[in-house]
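Engineer: Pasting a structure here, questions to come.
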Ligand SMILES: [Zn+2]
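In my numbering, the protein residues as written are -4 to 151.
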């Protein structure tokens, strides 16, 4: 939904097998965007992580800060029980998991080999907040079967 495909490109690609729109969109609330970045900042020099939820895929309406079990500057993992509890809370709000974010304290905003290997939620968007440059750089991706597809992040 809300894939911005110019009519021409759509026609040209429609016949292609396994067509995936090149740049799907993810709509994230301005306040959630800020919450996500400030959480990652507060976790520096370690990687920070968390989840986003919304009423439908493609929407980040809530931010759930998670503990980085690895407590590492180069990796993150989330405790299974904490994950299950958060999924239940999302359900109670009538929402579902739409995004997973984590930070890269010193590397660029692109999924690492590990990020790709452990990306188990193909429907969700993976957001990376990089502090490698001065201001945080925030990028979104879909990760499916080892493939990384950039997703346009739209604040609203
Ligand atoms: Zn990463």
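We put the CB at the ideal spot given by N, CA and C, even for glycine.
What do you get for residue 50, buried or exposed, if any count of 16 or more other CB atoms within 10 angstroms of its CB means buried?
Structural biologist: exposed
Engineer: Under 7 Å: does the beta carbon of residue 65 sit that close to some heavy atom of ligand 1?
Structural biologist: no
Engineer: Looking at ligand 1, does it come within less than 7 Å of residue 138, judged from the CB to the closest heavy atom?
Structural biologist: no
Engineer: Quick check on DSSP: helix, strand or coil for residue 111?
Structural biologist: Under the three-state reduction of DSSP output, residue 111 falls in the helix class.
Engineer: Which residues have a Cβ closer than 5 Å to any heavy atom of ligand 2, listed in chain order?
Structural biologist: In the structure on display, ligand 2 does not appear, and the ligands it does have are ligand 1.
Engineer: Can you find the residues in the same chain that come closer than 8 Å, C-beta to C-beta, to residue 138, ignoring five residues on each side of it along the sequence?
Structural biologist: 106, 110, 111, 114, 117, 121 and 144
Engineer: With 16 as the cutoff for other CB atoms within 10 Å, does residue 127 come out buried or exposed?
Structural biologist: exposed
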